[in-house]
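J.: For my numbering, count along the sequence shown from 1 and bump the result up by 112.
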Amino acid sequence: MKYEIIDFHVHFPYGGIDLFSSFREDYKARFGKEKWEYIMDQNQIAQEKWWDRWGFGRPSNAEYSLEALAGKWFAELETNHISKVVFVTGGGNEALREVAQSYPDRFIGFAHHDPCAPDAVEQLEKAVVEWGLKGYKIIAPAVKRPLNDRTLDPLWAKAEELKIPVLIHFGVLGGGGGIAYHHNINPLIIHDVAKGFPYLTFVVPHFGCGYVRETLHLCWVCENVMIDTSGNNEWMRWMPEKWTLNDLFQRYYETIGPDRILFGSDSSWLPRGFVKRYLEEQLKAVGELGWNPEDIKKVFSENAKRILAINR
Numbered sequence: 113m114k115y116e117i118i119d120f121h122v123h124f125p126y127g128g129i130d131l132f133s134s135f136r137e138d139y140k141a142r143f144g145k146e147k148w149e150y151i152m153d154q155n156q157i158a159q160e161k162w163w164d165r166w167g168f169g170r171p172s173n174a175e176y177s178l179e180a181l182a183g184k185w186f187a188e189l190e191t192n193h194i195s196k197v198v199f200v201t202g203g204g205n206e207a208l209r210e211v212a213q214s215y216p217d218r219f220i221g222f223a224h225h226d227p228c229a230p231d232a233v234e235q236l237e238k239a240v241v242e243w244g245l246k247g248y249k250i251i252a253p254a255v256k257r258p259l260n261d262r263t264l265d266p267l268w269a270k271a272e273e274l275k276i277p278v279l280i281h282f283g284v285l286g287g288g289g290g291i292a293y294h295h296n297i298n299p300l301i302i303h304d305v306a307k308g309f310p311y312l313t314f315v316v317p318h319f320g321c322g323y324v325r326e327t328l329h330l331c332w333v334c335e336n337v338m339i340d341t342s343g344n345n346e347w348m349r350w351m352p353e354k355w356t357l358n359d360l361f362q363r364y365y366e367t368i369g370p371d372r373i374l375f376g377s378d379s380s381w382l383p384r385g386f387v388k389r390y391l392e393e394q395l396k397a398v399g400e401l402g403w404n405p406e407d408i409k410k411v412f413s414e415n416a417k418r419i420l421a422i423n424r
């Protein structure tokens with residue numbers, strides 16, 4: 113059976129993402145620039161091992177214009193029969209506005225500015241109201257301030273008012289050689305926030321990225337928390353207990369149900385483009401688990417339509 117596919121988690125490969133912004137300067141001040149460069153080299157080696165393990169080519173060094181990249185990503189959607197993609201990051205809010213407007217029926221963009229910026233609330237309102245972006249992406253371990261800090265309440269209030277979902281990365285950042293400890297790394301950091309803003313939808317990606325118990329507990333007590341399935345979920349290899357993709361799908365299906373699960377791929381760079389293998393493996397998993405077609409539709413398209421207010 114063919115299903116409509118909406119990919120809720122893609123990074124538009126323009127401008128790069130500063131994953132280590134909240135960590136880098138403090139590290140360099142304490143331990144020195146030379147050691148920082150060394151651990152970044154180690155991170156790169158780990159990344160290359162991951163690419164090789166999955167058979168991925170290296171990211172292209174070619175410099176493309178925003179327009180050219182948008183065209184190449186549109187071609188990825190056509191080739192792989194993807195209905196729509198949500199670009200959760202992509203060179204800043206203004207750049208992603210241009211990308212989303214280039215193919216408005218196929219591309220959706222999220223704001224992704226620093227939540228601690230003095231004008232973060234104003235940036236969010238402008239991105240959504242004036243520029244048509246439909247959500248907000250935050251990389252929690254890249255944020256200096258704890259996400260439950262009360263000074264961020266106006267930001268959550270604005271997102272709730274705008275009726276947009278907020279996607280927040282928790283867990284290990286940057287893969288092997290990356291960051292595994294940070295005050296924002298555990299999804300339970302937003303427990304009080306999710307309780308305090310019950311009309312705001314929060315999405316925890318990558319099945320919780322190593323924090324399955326914590327994500328499940330958060331989902332258990334906060335009905336406004338969803339999860340996405342994006343990425344290769346390599347973190348499963350580093351857990352004390354054995355997890356498989358089937359296990360993850362089944363555990364979340366049995367607890368939060370199919371209405372709170374969103375398909376994502378975490379695709380990004382070219383020439384790799386859309387990672388069809390991730391989609392195929394996820395469809396295979398839910399098929400082996402015997403999910404009914406209506407529940408599969410929810411996960412792979414209908415839930416995204418609902419929380420993004422997509423009419424078709």
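The beta carbon of each residue, even a glycine, is placed where N, CA and C say it ideally should be.
Can you tell me whether Leu259 is helix, strand or coil according to DSSP?
T.: In the structure shown, Leu259 sits in coil (DSSP, three-state: anything other than H, G, I, E or B).
J.: Suppose you measure from the CA of Phe412 to the CA of Ser342; what does that come to, to the nearest Å?
T.: Whole-angstrom Cα-Cα distance: 11 Å.
J.: For Pro227 versus Val255, is the C-beta spacing smaller than 7 Å?
T.: Yes.
J.: Which same chain residues end up closer than 7 Å to Trp162 when comparing Cβ atoms and leaving out the 5 residues on each side of it in sequence?
T.: For Trp162, where only same-chain residues beyond five positions count, the Cβ hits under 7 Å are Gly287, Gly288 and Glu346.
J.: Can you tell me the Cβ-Cβ gap for Pro317 and Gly376, rounded? I've got them flagged as a contact below 8 Å.
T.: Yes, they are in contact, since the Cβ atoms of Pro317 and Gly376 sit about 6 Å apart, within 8 Å.
J.: Taking Cβ to Cβ, would you say Val200 is nearer than 7 Å to Phe186?
T.: No, they are not a contact pair.
J.: Note down, in chain order, each residue of its chain lying with its Cβ closer than 6 Å to the Cβ of His294, except the 5 sequence neighbours on either side.
T.: Counting only Cβ-Cβ distances below 6 Å, and skipping sequence neighbours, we find Pro253.
J.: Give me whichever residues DSSP pairs with Phe314 in a beta bridge.
T.: DSSP output for Phe314 lists Val278 and Val337 as bridge partner(s).
J.: By DSSP, does Tyr92 sit in helix, in strand, or in coil?
T.: Residue 92 lies beyond the residue range present for the chain, which begins at 113 and ends at 424; the question has no answer from this structure.
J.: Which residue from Val324, Ile419, Glu237 and Ile251 puts its Cα closest to that of Ser133?
T.: Nearest C-alpha to Ser133: Ile251.
J.: Which same chain residues, not among the five before or five after Leu393, have their C-beta less than 7 Å away from its C-beta?
T.: In the sequence under discussion, the amino acid at residue 393 is Glu, which differs from the Leu named in the question. Here the set comprises Leu357.
J.: Is the segment 270-285 touching the segment 137-147 in the sense that three or more CB pairs, one from each, lie closer than 8 Å?
T.: With the cut-off at 8 Å, the segment 137-147 and the segment 270-285 do not touch.
J.: Just to confirm, are Ile194 and Asp119 a CB contact at a threshold of 7 Å?
T.: Their beta carbons are under 7 Å apart, which means Ile194 touches Asp119 by this criterion.
J.: Among Met152, Trp243, Arg218 and Asn173, which one has its Cα closest to the Cα of Leu204?
T.: Just to set this straight, residue 204 is Gly in the shown sequence, not Leu. Nearest of Met152, Trp243, Arg218 and Asn173 to Gly204, Cα basis: Trp243.
J.: State whether the segment 377-387 contacts the segment 176-190, with contact taken as three or more CB pairs (one from each stretch) at a distance under 8 Å.
T.: The segment 377-387 vs the segment 176-190: in contact.
J.: So is Phe309 buried or exposed if we call it buried at 16+ other beta carbons inside 10 Å?
T.: Classification of Phe309: buried, given that the 10 Å Cβ count is 16 or more.
J.: Check Tyr248 in the structure and name its three-state DSSP category.
T.: Strand at Tyr248.
J.: Can you give the Cα-Cα distance for Leu208 and Val305, rounded to whole angstroms?
T.: Taking the straight line from one Cα to the other gives about 27 Å.
J.: DSSP state of Phe214, grouped into three classes?
T.: The amino acid occupying residue 214 in the given sequence is Ser; Phe does not appear at that position. Helix, per DSSP.
J.: Measuring alpha carbon to alpha carbon, tell me which of Trp166, Ile408 and Val211 ends up nearest Phe124.
T.: Ranking the options by Cα distance to Phe124, first place goes to Val211.
J.: Does the Cβ-Cβ distance between Val324 and Asp340 come in under 7 Å?
T.: For Val324 and Asp340, no; Cβs fall outside 7 Å.
J.: Since Val198 sits in a beta bridge, which residues does DSSP pair it with?
T.: In DSSP, Val198 forms a bridge with Ile220.
J.: Is it right to say Arg418 is buried, meaning 16 or more other beta carbons lie within 10 angstroms of its own, or is it exposed?
T.: The residue is exposed, with fewer than 16 neighbouring Cβ atoms inside 10 Å.
J.: I need the boundaries of the beta strand (DSSP E) containing Asp119, first residue and last residue.
T.: It spans Ile118 to His123 - the beta strand (DSSP E) in which Asp119 sits, taken as one unbroken run.
J.: Quick check: the Cα distance between Asp130 and Glu353, rounded to an integer number of angstroms?
T.: About 31 Å.
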